[in-house]
Amino acid sequence: MRSATRSDEMIENAVPNRSPARPSGRFPEAPRTAGPEVPCAPRFASRRTVRVSGDPRHVRCGGGHARDGCHPTESQDTYPRNVEHFQQNLTVRTRRVPSPEGHYDLLDLLPEGISPDSGPLCWMRHGEGVVGWGEALRIETARSERFVAADERWQRLAARMEVDDEVQLPGTGPVAFASIAFGDDPGSSVLIVPEVVIGQRGGVRWVTTIGEHDRRLSRAAPARAPGTIRYSDGEFPTTRYRQAVAEAVRRMRGSPELSKVVLAHDLLATTSEPLSSRYLLGNLGRRYPGCWTFAVDGLVGATPELLLQRNGNEVSSRVLAGTAWPHEGRTQQQLMSELLGSAKNRGEHTYAVRSLANGLEPFCKELDVPTSPEVLRLRNVMHLASDVSGRLDPMLAQNGHAGLLRLVQSVHPTAAVGGTPTTGALELIDELEEMNRERYAGPVGWVDADGNGEFGIALRCARLTWRSGEGSRARLFAGCGVVPDSDPDTEVTEAEAKLLPVREALEGVR
Numbered sequence: 001m002r003s004a005t006r007s008d009e010m011i012e013n014a015v016p017n018r019s020p021a022r023p024s025g026r027f028p029e030a031p032r033t034a035g036p037e038v039p040c041a042p043r044f045a046s047r048r049t050v051r052v053s054g055d056p057r058h059v060r061c062g063g064g065h066a067r068d069g070c071h072p073t074e075s076q077d078t079y080p081r082n083v084e085h086f087q088q089n090l091t092v093r094t095r096r097v098p099s100p101e102g103h104y105d106l107l108d109l110l111p112e113g114i115s116p117d118s119g120p121l122c123w124m125r126h127g128e129g130v131v132g133w134g135e136a137l138r139i140e141t142a143r144s145e146r147f148v149a150a151d152e153r154w155q156r157l158a159a160r161m162e163v164d165d166e167v168q169l170p171g172t173g174p175v176a177f178a179s180i181a182f183g184d185d186p187g188s189s190v191l192i193v194p195e196v197v198i199g200q201r202g203g204v205r206w207v208t209t210i211g212e213h214d215r216r217l218s219r220a221a222p223a224r225a226p227g228t229i230r231y232s233d234g235e236f237p238t239t240r241y242r243q244a245v246a247e248a249v250r251r252m253r254g255s256p257e258l259s260k261v262v263l264a265h266d267l268l269a270t271t272s273e274p275l276s277s278r279y280l281l282g283n284l285g286r287r288y289p290g291c292w293t294f295a296v297d298g299l300v301g302a303t304p305e306l307l308l309q310r311n312g313n314e315v316s317s318r319v320l321a322g323t324a325w326p327h328e329g330r331t332q333q334q335l336m337s338e339l340l341g342s343a344k345n346r347g348e349h350t351y352a353v354r355s356l357a358n359g360l361e362p363f364c365k366e367l368d369v370p371t372s373p374e375v376l377r378l379r380n381v382m383h384l385a386s387d388v389s390g391r392l393d394p395m396l397a398q399n400g401h402a403g404l405l406r407l408v409q410s411v412h413p414t415a416a417v418g419g420t421p422t423t424g425a426l427e428l429i430d431e432l433e434e435m436n437r438e439r440y441a442g443p444v445g446w447v448d449a450d451g452n453g454e455f456g457i458a459l460r461c462a463r464l465t466w467r468s469g470e471g472s473r474a475r476l477f478a479g480c481g482v483v484p485d486s487d488p489d490t491e492v493t494e495a496e497a498k499l500l501p502v503r504e505a506l507e508g509v510r
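Going by the UniProt record's numbering, the residue at position 328 of the sequence shown is 328; the numbering climbs one at a time, nothing skipped.
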């Protein structure tokens, strides 16, 4: 493995601290280092449908529409059908459209009154990406076979689509947004093909539709704030989380077989008014433009970690592990030096990079792994970061065994969200972590008919629910890597710092 040459885009703007009750400090504002900008995604191969065998038994066509921020209820109509009996050929049309006058964010074009079961769907970074709404198709999978089942069913469905794509850019043609559960049990996961997708890349804007839809774009009214926000303990409150971290440290010190385990906890936020997904997405996108802002089926966040991107035979990933946050009396440069020089953080990072590389190696003809990490600086924390890239074995790529969903299965969970070794770490998580992660820390992103696309790790996120007359609820998640020399109090403080992006986005902090 050799060192990779990378552009230094690892700096985000910062603002002063606005919440003294939380971890103190923000990193001072810093300019971007000159150098080539890393795009959201490289140019992909042109879209073609792929025909493979599979048994897509859990496919829903169509879907109910409800208010923004609500999950589907039993009263909303969905129509389970076996794709073998779904005779309708779906027509997918992608057309280039002029950008509206002035600079509009893609999120500004999402219509009002959409909900997680019909949108909004989002994958965006630096103002580019794809957003969508409606459900033309929905694929639900579960347990250990969730990746393979999702891949087979998506490819079978894509083969039934008649594609008319005049743009031929990343994110055009048939696209499915996906959110995969972290664990095998219960492992409920979803892929959603929107009725309408709006995309923007390199100054080009387009609209993709399934069926007949109005392709005119208009700017939506600003999303409304959610009113009063009240926080309360989730399934796994901070006091018990600290106890679990302490127990994990004790176990690892007594057993050299386990090197790292990642433990997480949750926090509930209840709002007095309906919480708009668009409101949360907009605030996260403005405050963290270099992160991947996402929304799939009510899971909304802005992740700094790119699990895997596939473009033809090219794959890439951004691995994060090892964290520092502002401390009174320490300058930014001091904190960066301490982070790079920390044996604990370097060890955490090495485990994460190694697990990602080990997962990709069987599929790759070439693999390029940095010999040492760099520092990614966000508003609230710093991370050690390594960008890994590789070239797939052409034979595996051509025969369908290296589609993006298959590759994601091979690398999930990395040591950044699970631990090392994987089996022992997951067993300890099941024992000590007193909550269901659901889709937190699982893969989230989008995939096209050729098995290309982008998946991040669902971090810095919340799952939204809403009921008529009762406001909304957001379940926030955060976690930390625990190693034998971890300090439980320090890990709790780190987890609180990682909750800040979503908390401040909820509160409308600028």
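Think of the CB as a built atom: it goes at the ideal place given N, C-alpha and C, for glycine as much as any other residue.
Any alpha helix (DSSP H) of 4 or more consecutive residues that is wholly inside the region 201-262: 238-254
Neighbourhood of residue 209 by C-beta distance below 6 Å, restricted to the same chain and skipping five residues each side: Your numbering for residue 209 matches position 209 in the sequence shown. Cβ neighbours of residue 209 beyond the five flanking positions: 93, 196.
Which of helix, strand or coil DSSP assigns to residue 510: Your numbering for residue 510 matches position 510 in the sequence shown. Looking at residue 510 - three-state DSSP - the assignment turns out to be coil, as it is neither helix nor strand.
Cβ shell of residue 424 (< 7 Å), same chain only, five flanking positions each side left out: Against the sequence shown, residue 424 aligns to sequence position 424. Around residue 424: 257, 258.
Three-state class that DSSP yields for residue 309 in the structure shown: Taking the sequence shown and counting its residues from 1, one reaches residue 309 at position 309. Residue 309 falls in the strand class under three-state DSSP.
Sequence-distant residues of its chain with Cβ nearer than 6 Å to residue 478 (five each side left out): Residue 478 sits at position 478 when you count from the first residue of the sequence shown. Closer than 6 Å at the Cβ level, and outside the excluded window around residue 478, lie 495, 498, 499.
Residue from 245, 269, 187, 275 with nearest C-alpha to residue 262: Working through the sequence shown from its first residue, we reach residue 262 at position 262. Checking every option, the nearest Cα to that of residue 262 belongs to 245.
Segment contact flag, the region 148-168 with the region 299-312, C-beta cutoff 8 Å, min 3 pairs: no
Collapsed DSSP secondary structure at residue 126 in the structure displayed: Here residue 126 is taken as the residue at index 126 of the sequence shown, counted from 1. Residue 126 falls in the coil class under three-state DSSP.
Spatial distance of residue 141 from residue 445 (CA atoms): As a working mapping, residue 141 is identified with position 141 in the sequence shown. As a working mapping, residue 445 is identified with position 445 in the sequence shown. Taking the straight line from one Cα to the other gives about 16 Å.
Buried or exposed (CB count within 10 angstroms, at least 16 for buried), residue 138: Sequence index remark: in the sequence shown, residue 138 carries index 138 (1-based). Buried.
Simplified DSSP assignment, three categories, for residue 142: Within the sequence shown, numbered from 1, the residue matching residue 142 stands at position 142. Looking at residue 142 - three-state DSSP - the assignment turns out to be coil, as it is neither helix nor strand.
Nearest to residue 299 (by Cα), restricted to the options 174, 327, 285, 462: The residue given as residue 299 occupies position 299 in the sequence shown. Of the candidates 174, 327, 285, 462, the one whose C-alpha sits nearest the C-alpha of residue 299 is 462.
Where residue 443 falls, given that 16 or more other Cβ within 10 Å makes a residue buried: Within the sequence shown, numbered from 1, the residue matching residue 443 stands at position 443. Answer is buried; the Cβ neighbour count reaches 16.
Opening and closing residue of the beta strand (DSSP E) in which residue 383 lies: As a working mapping, residue 383 is identified with position 383 in the sequence shown. Its beta strand (DSSP E) spans residues 382-392.
Local conformation of residue 443 per DSSP, three classes: Position 443 of the sequence shown, counted from the first residue, corresponds to residue 443. Residue 443 falls in the strand class under three-state DSSP.
Option nearest residue 189 by Cα separation, candidates 388, 243, 144: By 1-based counting over the sequence shown, the position of residue 189 is 189. Cα-wise, what sits closest to residue 189 is 144.
Distance, residue 428 Cα to residue 369 Cα: Residue numbering aside, residue 369 sits at position 369 when the sequence shown is read from its first letter. Residue numbering aside, residue 428 sits at position 428 when the sequence shown is read from its first letter. Computed Cα separation, rounded: 29 Å.
With 16 other Cβ atoms within 10 Å as the buried cut-off, status of residue 317: Working through the sequence shown from its first residue, we reach residue 317 at position 317. Label assigned to residue 317: buried.
Closest residue to residue 146 among 405, 473, 398 (Cα-Cα distance): Position 146 of the sequence shown holds residue 146. That would be 405, whose Cα lies nearest to the Cα of residue 146.
Residue 363, DSSP secondary structure in three states: Walking along the sequence shown from the start, residue 363 turns up at place 363. Note: residue 363 maps to helix in three-state DSSP.
Neighbour-count burial assignment, residue 170, 16 or more Cβ in a 10 Å radius: Against the sequence shown, residue 170 aligns to sequence position 170. Answer is buried; the Cβ neighbour count reaches 16.
N-terminal and C-terminal residue of the beta strand (DSSP E) that residue 427 is part of: Here residue 427 corresponds to residue number 427 of the sequence shown, with the count starting at 1. First-last for residue 427: 422-432, but that is the alpha helix (DSSP H), not the beta strand (DSSP E).
Close Cβ partners of residue 335 (< 6 Å) along its chain, the five nearest in sequence each way excluded: Here residue 335 is taken as the residue at index 335 of the sequence shown, counted from 1. Answer for residue 335: 324, listed in chain order.
Neighbourhood of residue 391 by C-beta distance below 7 Å, restricted to the same chain and skipping five residues each side: Here the question's residue 391 lines up with position 391 in the sequence shown. 313, 314, 364, 365, 366.
Test item: CB-CB of residue 417 and residue 460 under 9 Å: Locating residue 417 in the sequence shown gives position 417, where the first residue counts as 1. Locating residue 460 in the sequence shown gives position 460, where the first residue counts as 1. Cβ atoms of residue 417 and residue 460: not closer than 9 Å.
Opposing strand residues paired with residue 299 [DSSP bridges]: Numbered from 1 along the sequence shown, position 299 holds the residue referred to as residue 299. Answer by DSSP bridge pairing, in chain order: 296, 463.
Given 8 Å, three or more beta-carbon pairs between the region 371-385 and the region 279-295: yes
C-beta atoms of residue 150 and residue 180 nearer than 9 Å: Locating residue 150 in the sequence shown gives position 150, where the first residue counts as 1. Locating residue 180 in the sequence shown gives position 180, where the first residue counts as 1. Yes, Cβ-Cβ distance for residue 150 and residue 180 is below 9 Å.
Residue 506 beta carbon less than 9 Å from that of residue 275: For the purposes of this step, residue 275 is taken as the residue at position 275 of the sequence shown. For the purposes of this step, residue 506 is taken as the residue at position 506 of the sequence shown. Result yes, Cβ atoms of residue 275 and residue 506 sit closer than 9 Å.
Residues bridged to residue 324 [DSSP beta-bridge criterion]: Position 324 of the sequence shown, counted from the first residue, corresponds to residue 324. DSSP, once it has assigned bridges, lists 382 as partnering residue 324.
Anticipated Cβ contact below 8 Å, residue 320 with residue 301, distance rounded: The count along the sequence shown starts at 1 and reaches residue 320 at position 320. The count along the sequence shown starts at 1 and reaches residue 301 at position 301. Not a contact, Cβ separation roughly 14 Å.
Top-ranked residue by Cα proximity to residue 203, from 420, 491, 385, 98: Residue mapping note: residue 203 aligns to position 203 of the sequence shown, counting from 1. Per the Cα distances, 98.
Cβ neighbours of residue 422 in the same chain (closer than 8 Å, five flanking residues each side left out): Taking the first residue of the sequence shown as 1, we reach residue 422 at position 422. Here the set comprises 355, 413, 415.
Burial state of residue 430, where buried means 16 or more other Cβ atoms lie within 10 Å: Position 430 of the sequence shown holds residue 430. Exposed, by the Cβ-count rule.
Reduced DSSP category for residue 376 - H, G, I as helix; E, B as strand; rest coil: By 1-based counting over the sequence shown, the position of residue 376 is 376. Strand at residue 376.
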